[in-house]
Structures are given as structure tokens and as C-alpha cells.
Amino acid sequence: MLRIKRLYTFILQTFFPVFMMTFGICLFIVLMQFLWKFVEDLVGKGLDNVVLAELFMYAILSLIPLALPLSLLLASLMAFGNLGERLELLAIKASGVSLLKTMKPLIIFISCVAVGAFFFQNEAMPRIQVKLRSLMISIRQKSPELDIPEGSFYSGITNYSLYVKKKEKETRMLKDVMIYDTSEGFDNMSVFVCDSALMSISSNKDFLLLNLYSGQRFANFSQSGLNETRQNNQFVPYSRENFKEKKIVIPFNSGFDRMDESNLEGTQISKNILQLGNSIDSLSSTLDSVNVHDRKVIGKNTYLTYRNSDAYKKVETGETALPNKEQTNEPLKKKSINTIDFDSLLNTYSNDEISRYVGFAANEAESSRFNIMETTQKINMQKNIRMHKVEWHRKFVLSFACLIFFFIGAPLGAIIRKGGLGMPVVVSVLLFIVYYIIDNIGYKMARDGVWEVWQGMWLSSFALFPLGVFLTYKAMNDSALFNPEAYGNFFRKILGLKKKTIYETEQSVDINTVPDLASLNANPDQIAYIQEMSVENLKDIAKNHKEYSYDEDTLQLVLSVLKDKGASFFDVKVKKINYVESQTIFNAFMKNAKIAMLIYLVIILFAILSVIIKLSFIMSSLIVVAYAVFFIKSFICYFDFYRSIDKKTRKNMFGIIVGSFIFIWGFYPYLKKNIEREMIKIK
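Just so we're aligned, residue 2 is where the sequence shown starts under my numbering, counting upward by one.
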């Protein structure tokens with residue numbers, strides 16, 4: 002009997018609920034985008050609820066290929082982020098199970114999802130697309146719901162314009178009605194004016210019935226000879242009819258007529274892979290025959306008609322005329338043709354003759370163009386072949402995208418170690434926006450024939466596949482990809498800054514001095530998981546928390562759990578705060594910040610002078626680069642200072658950095674005050 006390992010069951014139970022939740026959220030978001038896109042086609046049509054429900058059902062099914070990759074990315078990032086945040090991933094690695102082996106059940110599950118997505122694209126999507134397209138075309142063709150406003154003209158009825166001054170809702174009577182009838186042309190327009198009217202719709206919803214009361218009708222008196230009369234600038238006679246009651250019938254189809262789905266059966270959206278392949282082969286064969294025919298027609302109608310003569314062809318192939326039988330044993334020699342120097346030839350003619358000959362050549366070229374097959378048919382055929390190839394490749398792109406997004410999301414979640422709907426959502430949306438933009442660029446390039454179809458359709462996969470491999474490699478090797486200190490060291494080398502040494506010592510921790518577990522504001526799931534771990538594992542995590550890249554909050558939680566379990570003294574690596582070292586870093590921050598502020602004033606001065614006189618672009622660029630260098634150096638010192646006192650910077654540091662770069666004079670006092678406050682505490 003096949004048994005699944007308990008670890009694999011745990012991973013699947015962690016991932017599957019998150020995936021179902023994110024898939025529903027993503028599907029809802031893309032459905033809202035669909036409604037926003039086609040809201041003008043739906044509003045004001047008076048559609049039945051059954052039609053709207055059918056439309057939404059087909060829209061949801063058609064949007065699955067768009068929502069599935071995003072939901073897999075978000076779900077894998079959240080699942081492994083939760084595992085990392087609750088230290089479960091750390092415990093799995095500590096037990097000797099690698100990250101790739103931990104991902105094994107999900108790799109199998111995502112592979113099954115990818116295979117199912119392929120069959121969905123190949124079998125279900127063509128039927129869904131046909132039904133959705135036909136339903137959308139039917140909705141667009143439906144006449145808008147008749148809603149005549151008060152006090153303004155209504156032109157929603159073809160060839161008619163209605164004006165109603167007031168409407169009575171109880172009796173449905175229209176007051177002070179004016180109707181302009183242009184069904185027989187604008188020149189033969191009729192005008193109805195009446196005190197009141199009653200409107201109704203025929204039983205088959207094809208006609209609008211109007212009962213007019215106490216009014217007049219104005220129309221042209223004689224339709225014959227009307228144009229002759231107007232040409233003679235005479236007044237046009239018209240007829241005037243008074244009536245107490247009059248009925249008119251206006252063609253107005255207010256029903257919902259469904260489009261025949263068979264009209265879309267021959268398009269590329271209605272075909273599976275086998276049908277697309279057969280259509281591509283047949284269309285390519287037809288295009289090849291058209292090209293062969295075009296080349297023959299172009300050869301016969303070329304402007305240099307002497308090339309089509311038999312004598313020229315014989316000379317070109319090396320054949321000569323044989324005047325008698327004695328010459329049959331002589332070798333065939335190719336006659337030379339004197340080349341024509343067109344410049345010398347044109348110099349022998351006058352300007353009038355050149356103009357006349359150029360006109361003759363243009364007329365002959367124009368007449369030859371009509372003998373050549375029209376290129377529009379060939380262009381449409383080439384575009385049709387490209388669209389068939391686009392649909393063929395699209396069947397596979399979705400499945401591959403699911404695998405790529407999983408191998409991006411799972412390692413990224415293991416590296417970030419943040420669960421929930423905060424950081425994972427931001428990262429997932431940014432990555433998916435990049436994917437969506439690249440995919441649209443590739444699709445348009447393939448559709449317009451700029452690139453080969455396979456290049457355009459697989460562009461997004463080619464762009465994100467190296468990212469998935471890179472993140473998986475980094476996560477398997479526990480690389481500190483998002484460690485700010487590593488990037489700080491990189492900028493230090495570039496800017497010539499020395500890394501400040503922060504000494505670490507092993508210090509014995511008295512559990513009695515650690516706060517109680519109940520006083521901590523921690524995640525209950527995380528607390529419950531840590532409490533299940535043994536005292537030895539908890540001590541190992543506490544002692545080596547820096548190597549495991551866990552922060553001080555996690556260390557405090559582990560120590561509180563150890564106290565709750567009744568553990569004794571043990572050693573933990575702590576940072577030794579050096580006041581002199583911190584003062585040195587603070588002085589470096591002040592120095593670089595002051596230089597950056599002075600350069601900032603120079604930039605403002607240059608900006609003012611550039612309005613008056615034209616300044617050198619190179620000089621202005623060098624000043625901006627110098628400002629950026631000292632700005633970065635000042636903030637590296639700022640982060641080094643907080644690292645030296647073993648404290649974290651504020652959570653809004655990203656906004657502070659951006660605001661400081663734009664206006665450093667406003668943020669400098671705030672940063673200086675924070676550092677001075679910390680210096681007073683550690684002195």
C-alpha cells in the first residue's frame with residue numbers, strides 16, 4: 002500500500018488551503034478587470050439575469066489561465082514564508098531534509114496542475130472562447146434599453162430623434178412630445194408634434210408603438226422634383242396634418258438575439274492542437290502556391306520587358322541560334338550584351354522628353370500593378386497563419402508558466418520568511434506585473450510578425466526561467482540574498498568605506514532575567530510550534546540564531562520558551578557595544594551628510610542659473626553624481642551606527658531615504674536627533 006510521508010502530508014496541508022484562497026482572490030480580481038473593461042457594453046442593455054450569469058460563468062472560466070500562475074506564485078510564497086516565519090522550515094533543515102526534498106510533494110502537485118492546465122487549454126478553452134465571444138457579440142449588437150430622458154433629445158433609436166418634456170410614471174404618458182423621422186433620408190424628414198403620447202412595445206419586441214394625441218405632422222408636400230426645386234433656389238412646399246389621435250410604428254428590436262456559434266467555428270480560438278496544426282499546414286500550402294503564382298505574374302509583368310524575350314533568355318542560358326548543320330560541332334558561346342548607361346542616355350534627351358518618358362514609365366508600372374495579385378489577400382493569410390501559431394504555442398506556455406512561478410515563489414518565500422498577505426502580496430504583484438508586461442510585448446511582436454511566433458510567445462518564460470533557477474539555487478544554499486549587510490559591503494567597496502568591526506562575545510544567559518512567555522506579543526501558532534521543540538534544539542537556535550539569520554525578536558521568543566520549560570544557564574552570542582566605535586561612525590555620518598547638503602545647495606544654484614543661462618550638461622551630471630555618492634555614504638554610516646548598538650532602524654526607513662534624497666535639509670535634523678538620543682543611552 003502506497004503511504005505518503007508525514008512531512009509531505011504536512012507540506013500539502015499547508016499549501017493547499019492557501020492555494021485555494023489565493024486562486025479565488027486572483028480570479029475575483031481578474032473578473033473585476035474584465036467587468037471594468039466591458040462595462041460600457043453591458044450597462045443600459047436591460048439584460049436578463051440568466052444572460053449575465055452565463056456571461057460571468059464563461060468569463061471566469063476564460064480567465065483561469067490568467068489567474069492560475071499568479072495564484073501559484075502567491076500561494077507558494079505565502080506557504081513557504083509561513084514555514085520560515087514559524088521556524089518550521091528551520092526545523093526541517095535541521096533534521097537533514099533539504100529544501101528541494103521538502104518541495105518534492107508540491108513539485109509533483111504543480112506538475113499535475115500544469116498537465117491539467119494544458120488539457121484545459123486544449124480541450125475546454127476553445128469551447129469556452131467560442132461561447133464567450135458569441136455571447137459578447139450578441140450583447141454588443143443588442144439595442145440599448147429604451148429610457149427616454151426628460152428635457153433633452155434621445156437618439157437611441159435609429160433614424161429617429163425624440164424629445165419629451167415630461168414623463169408621468171403612474172400613467173406612463175409622455176407630455177409635449179416632438180419626433181423627428183429621418184427614415185427616408187434627411188432631405189425627406191417628417192416632424193411630429195403632439196401634446197401627449199403613449200408608448201408600448203410589440204409582442205415580438207421588434208417594433209415600438211406610439212399613440213400620439215392632439216398634434217400635427219409636418220412633411221415635404223411633394224417628393225418628386227424636390228432636388229430640381231432646390232437647385233432653382235425656390236422654397237420647398239410641405240404638407241401639414243392635424244390629428245387628434247395617430248398611431249405610428251417605429252422599427253426597434255429590443256429583444257436579445259443570440260449569435261450563431263457556428264460563425265466562429267473556423268477561427269483559431271475554436272481549435273485544439275491537432276486542428277491548429279492541420280490548419281497551419283493547409284494555410285502554409287495555400288500561401289506557398291500564392292507566392293509561386295505571384296512570382297510568375299511579377300516576372301511576366303516586369304518593367305524591363307526585354308528580359309522576357311526568347312532571345313534574351315537564350316543568351317542568358319548560353320544558347321545561340323544555329324544557322325546551319327555545319328555549326329553543330331562548334332562550341333556554344335554566350336553572346337555579350339551591351340550594358341546600358343542610363344545617365345548617359347538621359348543626358349541625350351531634353352527636360353520635356355525626360356518628363357514625358359517618366360510619365361510613360363509610371364503609367365506602365367501602374368498598369369502592371371493591376372496584373373499582379375492583390376497583396377491584401379496574402380497579408381491576411383500570413384496574419385491568419387501567425388494567429389494560429391500563437392494559439393498553438395499558448396497551449397503550452399500556461400503550463401510552463403505554472404512551473405516557473407512555483408520555482409520563483411517557493412524559494413523566495415523560504416528566503417524572505419514572511420507569511421500572511423503583506424510582503425508576499427507585494428512581491429507577487431510586482432513579479433506578475435513584470436511577467437504580464439513581457440508576455441504582452443512578446444504577443445504583440447509575434448502577432449505583428451516582428452519576431453518569430455515561438456520567440457514572442459515564449460519570451461516571458463525565457464525571461465523568468467533564469468530567475469527561478471537563481472532563487473532555487475540561493476534558497477538551497479541558504480544564501481543571504483536579502484541581507485542588507487551584504488549589499489552594504491558591496492557599496493563600501495565601491496565608495497571606499499571600511500567595514501566597522503562589531504565584536505561578538507559569548508555571554509551566559511540567566512533564564513530568570515528573561516520575560517515570561519505570556520508577556521510577549523507573538524504569533525500563537527509560532528509559540529505553539531516552538532513549544533513542541535526539545536530544549537536542546539531550542540538552545541541550539543538561541544546560541545546560533547545569527548547563523549540562522551533570525552532576529553532579536555525570535556531570540557527573545559526562544560528564550561521565553563526555554564524559561565517556560567525550566568531550562569538553566571547557557572551561552573548565547575551577543576554583540577558588545579563600543580561607545581568609541583559608535584562615536585566614530587556617528588562622526589562619519591555627520592561629515593558625509595554635511596558634504597551632501599552643500600552639494601545639494603550647489604544643485605539648486607545650478608537649477609536657478611540654468612533658467613537664465615545655458616550650463617554644461619556634463620558639469621551638471623557630475624554634481625548630481627557627487628551628491629548621490631555622499632548621500633549613499635551618509636546612509637551607510639547611519640545603518641552601521643544602529644548595527645553597532647545592536648538595534649533596528651525604523652520601519653519607515655524606505656520613505657525616509659526617498660524623502661532625504663529629494664530634500665536632505667528637511668530630514669537631516671531628524672536623523673541627527675535620533676542618533677544623538679541613542680548615543681546618550683549607551684554613554
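All residues carry an ideal CB built from backbone N, CA and C; glycine is no exception.
*Pairing CB atoms from the stretch 2-12 with CB atoms from the stretch 67-75, are three or more of them under 8 angstroms?*
no
*asked:* Between which two residues does the alpha helix (DSSP H) holding L36 run?
replied: Where L36 is concerned, the enclosing alpha helix (DSSP H) stretches over 7-38.
*asked:* Going by beta-carbon coordinates alone, are F16 and L78 separated by less than 8 angstroms?
replied: no
*Do you know how far the Cα of N205 is from the Cα of L64?*
36 angstroms
*asked:* Tell me the DSSP secondary structure of R4 in three-state form.
replied: Coil at R4, not helix or strand.
*Return the chain-ordered list of same chain residues with a C-beta closer than 7 angstroms to the C-beta of K396, the five sequence neighbours on each side being excluded.*
F119, Q122, N123, I274
*asked:* For a test of the three-state rule: what should DSSP assign to F632, helix, strand or coil?
replied: Per DSSP, reduced to three states, the secondary structure at F632 is helical.
_Between which residues of its own chain and F433 is the CB-CB distance below 6 angstroms, once the five residues before and five after are set aside?_
In chain order, L71 place their CB closer than 6 angstroms to the CB of F433, counting only its own chain and leaving out the 5 sequence neighbours on each side.
*When you compare only the Cα positions, how much space is there between Q1 and P525?*
Only positions 2 to 684 of the chain appear in this structure, which leaves residue 1 out of reach.
*asked:* Considering only their Cβ atoms, is the gap separating V426 from S271 smaller than 8 angstroms?
replied: No, the Cβ-Cβ distance between S271 and V426 is not below 8 angstroms.
*Is the stretch 552-566 touching the stretch 516-531, taking contact as three or more C-beta pairs under 8 angstroms?*
yes
*Can you tell me whether M685 is buried or exposed, with buried defined as 16 or more other CB within 10 angstroms of its CB?*
Since the first residue shown for the chain is 2 and the last is 684, residue 685 is missing from the structure and cannot be characterised.
_For P467, count the other beta carbons within 10 Å of its own beta carbon; 16 or more makes it buried, fewer makes it exposed. Which is it?_
exposed
*State yes or no: is the beta carbon of M190 nearer than 8 angstroms to at least one beta carbon in chain C?*
Any reference to chain C falls outside this structure, which holds one protein chain only.
*asked:* DSSP three-state label for L211, please.
replied: strand
*Status (buried if at least 16 other CB within 10 Å, exposed otherwise) for M104*: buried
*asked:* One question on the structure: do L404 and V428 come within less than 8 angstroms of each other, judged by their Cβ atoms?
replied: Judged by their CB atoms, L404 and V428 are not nearer to each other than the 8 angstroms cut-off.
_Per DSSP, cross-strand counterpart(s) of E169_ = M174
*Member of L606, V612, S611, F631 whose CA lies at the smallest distance from the CA of Q595*: Note on identity: in this sequence residue 595 is Lys, with Gln being the wrong assignment. Nearest of L606, V612, S611, F631 to K595, Cα basis: F631.
*Note down the Cα distance separating D1 from F463, rounded to an integer number of angstroms.*
This structure does not reach residue 1, given that the chain is present from 2 up to 684, and the question cannot be answered.
*Can you grab the Cα-Cα spacing for the pair T23 / K94, in whole Å?*
Those two C-alpha atoms are separated by around 27 angstroms.
*List the endpoints of the continuous alpha helix (DSSP H) containing A523.*
Premise fails: A523 is in no alpha helix (DSSP H) and is neither H nor E.
*Between the C-alpha atoms of F618 and S611, what's the straight-line distance to the nearest angstrom?*
10 angstroms
*Does DSSP classify V451 as helix, strand or coil?*
coil
*Report back the beta-carbon spacing between A411 and F81 to the nearest angstrom; my notes put them in contact at under 8 angstroms.*
5 angstroms
*Reduced DSSP secondary structure (H/G/I, E/B, other) of K564*: helix
*Measure the alpha-carbon distance for Y669 versus A402 and round it to whole angstroms.*
46 angstroms
*asked:* Since A76 and V19 should fall inside the 8 angstroms C-beta cutoff, what is the C-beta to C-beta distance between them, to a whole number of angstroms?
replied: 5 angstroms
*Cα separation between W459 and D565?*
56 angstroms
*Where do the N-terminal and C-terminal ends of the alpha helix (DSSP H) with V700 fall, by residue?*
No information on residue 700 is available, as it lies outside the stretch 2 to 684 that the chain covers here.
*asked:* So, for G443: in the same chain, excluding its five sequence neighbours on each side, which residues have a beta-carbon less than 7 angstroms away from its beta-carbon?
replied: Contacts found: G457, M458, L460, S461.
*Assuming F253 contacts I158 under a Cβ cut-off of 8 angstroms, what Cβ separation, rounded to an integer in Å, is found between them?*
6 angstroms
*Cβ-based burial, E365 [other Cβ within 10 Å; buried from 16]*: exposed
*According to DSSP, what are the bridge partners of V113?*
Sequence check: residue 113 is Cys here, not Val. Per DSSP, none; premise fails for C113.
*asked:* If I follow the unbroken beta strand (DSSP E) through V192, where does it start and stop?
replied: 191-202
*asked:* Among F110, F361, K419, M21, whose alpha-carbon lies nearest the alpha-carbon of T10?
replied: Comparing Cα-Cα distances from T10 to each of F110, F361, K419, M21, the minimum goes to F110.
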